[in-house]
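All residue numbers for the sequence shown refer to my numbering, where the first residue is 697 and numbers rise by one.
C-beta: ideal position from N, C-alpha, C; glycine also.
This one's a predicted model, so the numbers in the text were calculated from it and none came from an experiment.
Structure, as structure tokens:
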Amino acid sequence: MERQPVIGLTCTLDEAQGHERVNCEYIDRIAAAGGTPILLSPVAGSREANEAMAQRYLQLIDGLLLTGGGDIHPRHYPTHDTTSEALALVDLVDEDRDWLELELARNARTSGTPTLGICRGCQIINVAAGGTMHADLLTDGLAEASHRQEPPYTACTHVVRYDAETHIALNCRRCSACTTPQQKNAAPAAAADAAPCSEPASTLCRSCAVATTNSMHHQCLATLGEGLAPVAWSEAITEGIYDPEHPFYLGVQWHPEYLDSQSAIFAAFVEACRS
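See below:
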């Protein structure tokens with residue numbers, strides 16, 4: 697029997713129950729794509745203990761999935777604002793998890809380990825590379841409405857515009873406002889004018905494309921970390937990043953694990969882990 701790639705999934709602390717957990721949607725998507733999911737839990741105690749554990753985990757896995765969850769402590773941003781006002785905007789901080797995931801992200805990048813970051817995981821990828829965060833997108837005036845939808849999370853309430861030449865291009869639609877490829881570092885125009893693409897859904901547009909997704913975040917990326925490039929946007933907010941020099945190092949701000957329409961992300965990720 698062919699060995700299936702082992703994918704490490706990071707855990708979320710359930711403080712009420714006192715245990716670490718991973719939502720079953722992540723597990724199911726990895727298994728359906730042909731991967732073998734295992735759970736990577738932080739250890740209680742110290743930065744050093746979690747950084748050492750990250751090194752041990754990386755010896756076991758072929759790919760890394762940084763899952764969603766609570767906010768990263770602001771001390772990890774280069775512009776670390778740890779005033780009481782800034783700290784009041786963050787929630788569900790787990791410092792053991794921060795240390796573990798930041799070390800995992802940095803070392804997965806340098807070792808070429810395929811990595812997919814979802815929501816918080818996208819933010820971890822950015823902060824691990826020296827990027828910064830907006831503590832709250834509404835407070836900072838970056839959006840007119842909340843990006844944190846209520847359940848069901850299978851509902852697509854959010855429009856994301858993305859660079860259709862990358863591996864996250866799904867359910868292709870042509871942007872009626874864009875007839876030439878976007879500048880790689882420029883946020884495209886608002887997505888309200890997007891018209892259905894005349895091409896089949898399996899065909900990649902060669903200009904700007906849009907997709908409808910869910911959205912469950914209140915923080916967002918500010919400055920991008922060194923070597924990372926933007927690949928998806930909503931309004932003026934960067935919602936997808938990747939390392940163009942890495943075989944597969946991708947972060948998305950939405951939650952594709954809830955959406956059948958986004959299964960190609962997991963298929964591409966697990967395929968990268970095979971090699």
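- Item | Under the three-state DSSP convention, the category W929 falls into | The residue you call residue 929 lines up with position 233 of the sequence shown. If DSSP states are grouped into helix, strand and coil, W929 belongs with the strands.
* To which residues does DSSP link E716 through a beta bridge? -> Taking the sequence shown and counting its residues from 1, one reaches residue 716 at position 20. DSSP lists L709 as partners of E716.
Check your understanding: By a C-beta neighbour count over all protein chains shown, 10 Å radius and 16 as the cutoff for buried, is V739 buried or exposed?
Key -> Residue numbering aside, residue 739 sits at position 43 when the sequence shown is read from its first letter. Exposed: under 16 other Cβ atoms inside 10 Å.
What residue range does the alpha helix (DSSP H) around G759 cover?
Position 63 of the sequence shown, counted from the start, is the residue given in the question as residue 759. Careful: G759 lies outside any alpha helix (DSSP H), inside the beta strand (DSSP E) at G759 to L762.
(Q) For the region 728–747 against the region 942–950, do three or more pairs of beta-carbon atoms, one drawn from each stretch, fall closer than 8 Å, so that the two count as touching? (A) no
For G766, does the three-state DSSP call read helix, strand or coil?
-> Within the sequence shown, residue 766 is the residue found at index 70, counting from 1. Of the three classes helix, strand and coil, the one that applies to G766 here is coil, per DSSP.
### Task
Indicate the three-state DSSP secondary structure (helix, strand or coil) for A745 in the structure shown.
Within the sequence shown, numbered from 1, the residue matching residue 745 stands at position 49. DSSP places A745 in helix when its eight states are reduced to three.
Inspect the beta-carbon positions of I652 and I726 and report whether they are closer than 7 Å. Residue numbering for the chain in the displayed model covers 697 to 971; residue 652 lies beyond these limits and cannot be assessed.
*asked:* Could you compute how far the alpha carbon of W795 sits from the alpha carbon of Q751?
replied: Here residue 795 is taken as the residue at index 99 of the sequence shown, counted from 1. Here residue 751 is taken as the residue at index 55 of the sequence shown, counted from 1. W795 and Q751: Cα-Cα distance of roughly 12 Å.
Can you tell me the Cα-Cα spacing of L705 and R717, whole angstroms? Start at 1 with the first residue of the sequence shown, and residue 705 comes out as number 9. Start at 1 with the first residue of the sequence shown, and residue 717 comes out as number 21. The alpha-carbon atoms of L705 and R717 are separated by roughly 10 Å.
From A824, R699, Q958 and P733, pick the residue whose C-alpha is nearest to that of Y938; which is it? Position 242 of the sequence shown, counted from the first residue, corresponds to residue 938. Ranking A824, R699, Q958 and P733 by Cα distance to Y938 puts A824 first.
Count the other CB atoms, across all protein chains shown, that sit within 10 Å of the CB of T806; report buried if there are 16 or more and exposed otherwise.
Start at 1 with the first residue of the sequence shown, and residue 806 comes out as number 110. Answer is exposed; the Cβ neighbour count stays below 16.
Does the Cβ of M912 have 16 or more other Cβ atoms within 10 Å, making it buried, or fewer, making it exposed? Along the sequence shown, one-based indexing puts residue 912 at 216. Result: buried.
Worksheet item: In its own chain, which residues sit with a C-beta less than 6 Å from the C-beta of I821, not counting the 5 before and 5 after it?
Response: Stepping through the sequence shown from its first residue, residue 821 is reached at position 125. So the list reads A801, G813 and G947, once near-sequence residues are dropped.
- According to DSSP, is T806 helix, strand or coil? Taking the first residue of the sequence shown as 1, we reach residue 806 at position 110. Of the three classes helix, strand and coil, the one that applies to T806 here is helix, per DSSP.
Checklist entry - Nearest to Q958 by alpha carbon, out of P733, L709, C916 and A729? => result Within the sequence shown, numbered from 1, the residue matching residue 958 stands at position 262. Among P733, L709, C916 and A729, the Cα nearest to that of Q958 belongs to A729.
Taking the straight line between their C-alpha atoms, what separation do you get for D767 and R699? As a working note, residue 767 is residue 71 in the sequence shown. As a working note, residue 699 is residue 3 in the sequence shown. For D767 and R699, the distance between alpha carbons rounds to 35 Å.
request  = Have a look at C815, E747 and P943 and flag the residue whose alpha-carbon is nearest the alpha-carbon of Y954.
outcome  = Locating residue 954 in the sequence shown gives position 258, where the first residue counts as 1. Measuring from the Cα of Y954, the nearest candidate turns out to be C815.
Query raised in the report: Taking all protein chains shown into account, do 16 or more other C-beta atoms lie within 10 angstroms of the C-beta of F965, making it buried, or fewer, making it exposed?
Result: Sequence index remark: in the sequence shown, residue 965 carries index 269 (1-based). It counts as buried.
**Message:** Which same chain residues end up closer than 7 Å to E797 when comparing Cβ atoms and leaving out the 5 residues on each side of it in sequence?
**Reply:** Walking along the sequence shown from the start, residue 797 turns up at place 101. Contacts found: T706, L762 and I820.
With a threshold of 8 Å on Cβ separation, who are the neighbours of A748 within its own chain once the five nearest residues in sequence on each side are excluded? Mapped onto the sequence shown, residue 748 falls at position 52. Within the same chain, A748 has no close Cβ partners at all.
Checklist line | Neighbourhood of A804 by C-beta, 6 Å cutoff - its chain only, sequence neighbours within 5 removed | finding: Looking up residue 804 in the sequence shown gives position 108. Result list for A804: L760 and T811, in chain order.
Check your understanding: So which of A925, T809, P770 and G764 has the shortest CA-CA distance to Y753?
Key -> Mapped onto the sequence shown, residue 753 falls at position 57. The residue with the shortest Cα to Cα distance from Y753 is T809.
Cα-Cα separation between R793 and T708, rounded to whole angstroms
In the sequence shown, the residue the question calls residue 793 occupies position 97. In the sequence shown, the residue the question calls residue 708 occupies position 12. Each residue's alpha carbon lies about 8 Å from the other.
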